[in-house]
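Residue numbers (this note's numbering), protein chains in the order written: chain A, 21 to 264; chain B, 24 to 286. All C-beta atoms, glycine included, are put in the ideal place defined by N, C-alpha and C.
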Amino acid sequence: MQYPIDVKNLSKNYSNKAAVKNINFKINKNEILGLLGPNGCGKTTTIAMMLGLLKPTNGIVLIDGEDIEKNRIKLLHKMNFISPYIELPKKLTVKENLIVYGKLYGVKKVLLRIDYLSEKLRLTEFLNKKTGELSSGQKNRVSLAKALINDPKILFLDEPTASLDPETGDFVRTFIEKLSKEREMSILLASHNMDEVKRLCKNVLMMKDGLLIDRGTPNELIKKHGKINLEEVFLKLNRTSNEF
Amino acid sequence: MSFNRIYGLFLRHFFLIKSSLPRILDLIYWPTIQIILWGFISLFFSTYSNYYNNTLGVILTCAILYDFLFRSSISFNMLFLEEIWSRNFTNLFIAPMRISEIIISLVVTALIRTLIGLVPAILITSPLFGISILNLGIPLLFLFLSLYIFGITLGLFVSSGLLRYGPAFENIAWSSLFLLAPLGCIYYPIEILPDMLQTMAKALPLVYIFEEARSILVNQSVDYSNIKNAFILNIFYLFIGIILFYYSFRQARKKGSLINIGE
Numbered sequence: 021m022q023y024p025i026d027v028k029n030l031s032k033n034y035s036n037k038a039a040v041k042n043i044n045f046k047i048n049k050n051e052i053l054g055l056l057g058p059n060g061c062g063k064t065t066t067i068a069m070m071l072g073l074l075k076p077t078n079g080i081v082l083i084d085g086e087d088i089e090k091n092r093i094k095l096l097h098k099m100n101f102i103s104p105y106i107e108l109p110k111k112l113t114v115k116e117n118l119i120v121y122g123k124l125y126g127v128k129k130v131l132l133r134i135d136y137l138s139e140k141l142r143l144t145e146f147l148n149k150k151t152g153e154l155s156s157g158q159k160n161r162v163s164l165a166k167a168l169i170n171d172p173k174i175l176f177l178d179e180p181t182a183s184l185d186p187e188t189g190d191f192v193r194t195f196i197e198k199l200s201k202e203r204e205m206s207i208l209l210a211s212h213n214m215d216e217v218k219r220l221c222k223n224v225l226m227m228k229d230g231l232l233i234d235r236g237t238p239n240e241l242i243k244k245h246g247k248i249n250l251e252e253v254f255l256k257l258n259r260t261s262n263e264f
Numbered sequence: 024m025s026f027n028r029i030y031g032l033f034l035r036h037f038f039l040i041k042s043s044l045p046r047i048l049d050l051i052y053w054p055t056i057q058i059i060l061w062g063f064i065s066l067f068f069s070t071y072s073n074y075y076n077n078t079l080g081v082i083l084t085c086a087i088l089y090d091f092l093f094r095s096s097i098s099f100n101m102l103f104l105e106e107i108w109s110r111n112f113t114n115l116f117i118a119p120m121r122i123s124e125i126i127i128s129l130v131v132t133a134l135i136r137t138l139i140g141l142v143p144a145i146l147i148t149s150p151l152f153g154i155s156i157l158n159l160g161i162p163l164l165f166l167f168l169s170l171y172i173f174g175i176t177l178g179l180f181v182s183s184g185l186l187r188y189g190p191a192f193e194n195i196a197w198s199s200l201f202l203l204a205p206l207g208c209i210y211y212p213i214e215i216l217p218d219m220l221q222t223m224a225k226a227l228p229l230v231y232i233f234e235e236a237r238s239i240l241v242n243q244s245v246d247y248s249n250i251k252n253a254f255i256l257n258i259f260y261l262f263i264g265i266i267l268f269y270y271s272f273r274q275a276r277k278k279g280s281l282i283n284i285g286e
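Structure representation (structure tokens):
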């Protein structure tokens with residue numbers, strides 16, 4: 021069976037440090053996979069390799085059965101990414117930014133696509149506002165619109181609700197949930213919000229020091245480790261290091 | 024008034040400077056380049072005081088041509104730096120854009136930026152000083168094209184450094200052209216340079232471009248061999264610049280600098 025995302029024996033070594041150590045996982049259609057781990061554990065490095073931003077030292081990332089290293093440009097048409105550490109140009113209006121990215125991704129009828137996303141993400145009223153003038157919740161929704169401009173089949177979400185108020189956070193989570201079902205997307209969600217992961221993700225990977233140290237459904241992990249919630253499991257795993 | 028607070032703020036900048044070799048070099052670089060450039064200009068005028076007699080506007084024309092080179096290179100670098108400053112860099116590199124598309128897009132945009140600055144400068148020289156750069160005639164097109172190619176090439180060199188080393192390379196972006204100014208023989212003939220520097224200068228297209236501009240204005244004659252030499256060198260350096268840009272992109276993908284370039 022061919023998975024939309026298939027990561028095989030993926031490793032990344034920098035000159036004096038192994039950032040990611042021989043990890044393996046797959047993501048199915050219509051699945052949101054959670055990637056949990058403390059800061060610096062290798063989550064961003066893993067996502068960067070999956071996006072073709074970083075060359076793996078070993079291993080392979082297959083997107084719809086094709087190697088990202090060999091078909092980077094072709095496969096990037098199917099993917100997109102959102103992270104609080106990346107911004108859109110502040111001096112451009114929301115609409116201008118979306119037009120630019122629509123063009124970069126080769127979106128046909130980009131204005132129609134912008135109208136559709138604006139309505140879904142409640143952006144219509146500030147489409148003509150400068151992106152730098154928006155609140156962090158509004159900027160987050162604009163980044164999400166940019167990440168969806170090419171109607172990706174694969175989406176990488178790096179802390180998509182970090183620093184959002186509860187209402188906006190809930191709006192974004194509900195939106196992601198619906199999106200995954202309606203568009204049959206494969207989503208990798210890196211987050212430090214355990215409730216978010218439990219709500220959205222069918223399966224969860226636990227990462228520490230570049231290794232995948234456990235995996236399963238949120239309930240399986242809670243039961244396996246005899247804890248009351250995912251946060252307790254996270255804390256337990258990061259205080260002991262048992263590679264599985 | 025607190026000495027500790029004053030000392031604390033001093034330390035904030037001192038720590039920054041002492042930990043950054045580019046910043047230290049930057050402090051040394053500018054005075055050195057200024058002294059070298061104006062040293063050669065002064066030497067030229069004291070040796071050949073009647074060289075520019077009866078030829079109004081040679082210096083001004085060369086200044087406009089040099090500014091065109093400066094603007095085209097800086098425009099190319101600025102476009103790249105804008106993406107770093109706005110933390111948009113990663114977004115660009117996860118979009119399905121080929122390196123060749125990035126280069127072509129920057130080349131076209133840089134040309135438009137450069138022309139926006141250049142056209143008013145050309146227009147005001149005539150009413151203000153009674154001089155028109157258009158006096159160079161048809162060869163002016165070749166000179167501009169040659170300067171533009173070299174400007175873009177320098178932009179590619181600097182952007183390659185930015186791609187590989189991130190914003191720490193920013194100072195080089197601003198200073199790269201001033202390094203070439205003394206060797207480019209913009210305001211004086213190549214003979215004014217010491218022998219060793221003349222050899223280095225001949226490896227740059229600038230010498231041929233500015234020599235030709237002066238030749239047209241002073242002697243009223245066009246020497247196409249200068250234009251040809253400039254183009255041959257330009258094509259060579261442009262080729263190196265493109266290779267270097269591709270190489271830097273590959274290195275950046277290996278070292279991870281595409282991920283945290285804004286930091």
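At which residues does the alpha helix (DSSP H) containing residue i begin and terminate?
i                      : result
residue 131 of chain B : 122-152
residue 125 of chain A : Taken as a continuous stretch (DSSP letters only), residue 125 of chain A belongs to no alpha helix (DSSP H), as it is neither H nor E.
residue 73 of chain A  : No alpha helix (DSSP H) contains residue 73 of chain A, which DSSP labels as neither H nor E.
residue 48 of chain A  : Per DSSP, residue 48 of chain A belongs to no alpha helix (DSSP H) and is neither H nor E.
residue 182 of chain B : 162-188
residue 99 of chain A  : It is not in any alpha helix (DSSP H) - residue 99 of chain A instead sits in the beta strand (DSSP E) that spans 99-102.
residue 142 of chain A : Here residue 142 of chain A belongs to no alpha helix (DSSP H), and DSSP marks it neither H nor E.
residue 245 of chain A : No alpha helix (DSSP H) contains residue 245 of chain A, which DSSP labels as neither H nor E.
residue 31 of chain B  : 26-41
residue 95 of chain B  : 81-108
residue 228 of chain B : 228-242
residue 219 of chain B : 218-224
residue 157 of chain A : 156-168
residue 251 of chain A : 250-257
residue 91 of chain A  : Neither: residue 91 of chain A is in no alpha helix (DSSP H) and is coded neither H nor E.
From this set, the options, which residue's C-alpha is nearest residue i's C-alpha?
i                      : options                       : result
residue 54 of chain A  : A:195, A:232, A:259 and A:95  : A:232
residue 127 of chain B : B:279, B:111, B:99 and B:254  : B:99
residue 177 of chain B : B:187, B:203, B:165 and B:188 : B:203
residue 184 of chain A : A:177, A:178 and A:192        : A:192
residue 83 of chain A  : A:256, A:173 and A:209        : A:173
residue 123 of chain A : A:137, A:166 and A:221        : A:166
residue 117 of chain B : A:36, A:121 and A:109         : A:121
residue 223 of chain A : A:213, A:240, A:230 and A:215 : A:240
residue 210 of chain B : B:172, B:156 and B:83         : B:83
residue 200 of chain B : B:213, B:229, B:261 and B:225 : B:229
residue 225 of chain A : A:136, A:103 and A:63         : A:63
residue 261 of chain B : B:179, B:87 and B:282         : B:179
residue 168 of chain B : B:251, B:206, B:193 and B:226 : B:251
residue 215 of chain A : A:244, A:258 and A:182        : A:182
residue 68 of chain A  : A:38, A:153, A:101 and A:117  : A:101
residue 270 of chain B : B:258, B:115, B:182 and B:213 : B:182
Would you list the residues sitting across from residue i in a DSSP beta bridge?
i                      : result
residue 39 of chain A  : Per DSSP, none; premise fails for residue 39 of chain A.
residue 224 of chain A : A:54 and A:236
residue 150 of chain A : A:113
residue 207 of chain A : A:52 and A:175
residue 231 of chain A : A:228
residue 86 of chain A  : A:83
What residue range is occupied by the uninterrupted beta strand (DSSP E) comprising residue i?
i                      : result
residue 253 of chain B : Per DSSP, residue 253 of chain B belongs to no beta strand (DSSP E); it is in the alpha helix (DSSP H), 247-278.
residue 33 of chain A  : 25-34
residue 79 of chain A  : 78-83
*Taking a Cβ distance cut-off of 7 Å, strictly less, list which residues of the segment 117-144 of chain B are near chain A, in chain order.*
117, 118, 119, 120 and 121
*asked:* Under 7 Å, CB to CB, which of the residues in the segment 108-119 of chain A have a partner in chain B?
replied: 108, 109 and 110
*Take every Cβ of the segment 150-164 of chain B, pair it with every Cβ of the segment 247-261 of chain A, and state whether three or more of those distances are shorter than 8 Å.*
No, the segment 150-164 of chain B is not in contact with the segment 247-261 of chain A.
*Output, in sequence order along the chain, the residues in the segment 97-108 of chain A whose CB is closer than 7 Å to any CB in chain B.*
97, 101, 106, 107 and 108
*Determine which residues of the segment 173-207 of chain A have a Cβ less than 7 Å from any Cβ of chain B, and write them out in chain order.*
none
_Touching by the beta-carbon criterion (3+ pairs, under 8 Å), the segment 27-36 of chain A and the segment 203-211 of chain A_ = Result no; under three Cβ-Cβ pairs closer than 8 Å.
*asked:* What are the residues in the segment 257-284 of chain B lying within 7 Å of chain E by C-beta distance?
replied: Protein chains in the displayed structure are A and B, and chain E is not among them.
*What residues in the segment 38-55 of chain A bring their beta carbon closer than 7 Å to a beta carbon of chain B?*
none
*Between the segment 145-157 of chain A and the segment 111-126 of chain A, do three or more beta carbon pairs fall short of 8 Å?*
A contact exists between the segment 145-157 of chain A and the segment 111-126 of chain A.
*Looking at chain B, which residues of the segment 80-97 of chain A have a Cβ within less than 9 Å of any of its Cβ atoms?*
92, 93, 94, 95, 96 and 97
_Three or more C-beta pairs under 8 Å: does that hold for the segment 44-63 of chain A against the segment 204-222 of chain A?_
yes
*Would you be able to state if there are at least three C-beta pairs under 8 Å between the segment 140-157 of chain B and the segment 210-221 of chain B?*
no
*Check each residue of the segment 54-75 of chain A: if its Cβ is closer than 8 Å to any Cβ of chain B, include it; give the result in chain order.*
64, 65, 68, 71, 72, 73, 74 and 75
*Indicate whether the contact test is met: 3 or more Cβ pairs, each with one atom in the segment 264-280 of chain B and one in the segment 234-248 of chain B, closer than 8 Å.*
no
*Would you check if there are 3 or more beta carbon pairs closer than 8 Å linking the segment 100-117 of chain B to the segment 102-111 of chain A?*
yes
*Would you check if there are 3 or more beta carbon pairs closer than 8 Å linking the segment 85-102 of chain B to the segment 120-136 of chain B?*
yes
_Counting only Cβ-Cβ distances shorter than 9 Å, please list the residues of the segment 124-145 of chain A near chain B, keeping chain order._
For the segment 124-145 of chain A, residues whose beta-carbon sits nearer than 9 Å to a beta-carbon of chain B comprise 124, 125 and 126.
_Contact set between the segment 31-65 of chain B and chain A, restricted to residues whose Cβ is under 9 Å from the partner_ = none
*Segment contact, 8 Å Cβ cut-off, at least three pairs: the segment 125-141 of chain A with the segment 154-171 of chain A*: yes
*Of all the residues that make up the segment 175-203 of chain B, which are near chain A by a beta-carbon distance shorter than 8 Å?*
So the list is empty, because no residue satisfies the distance condition.
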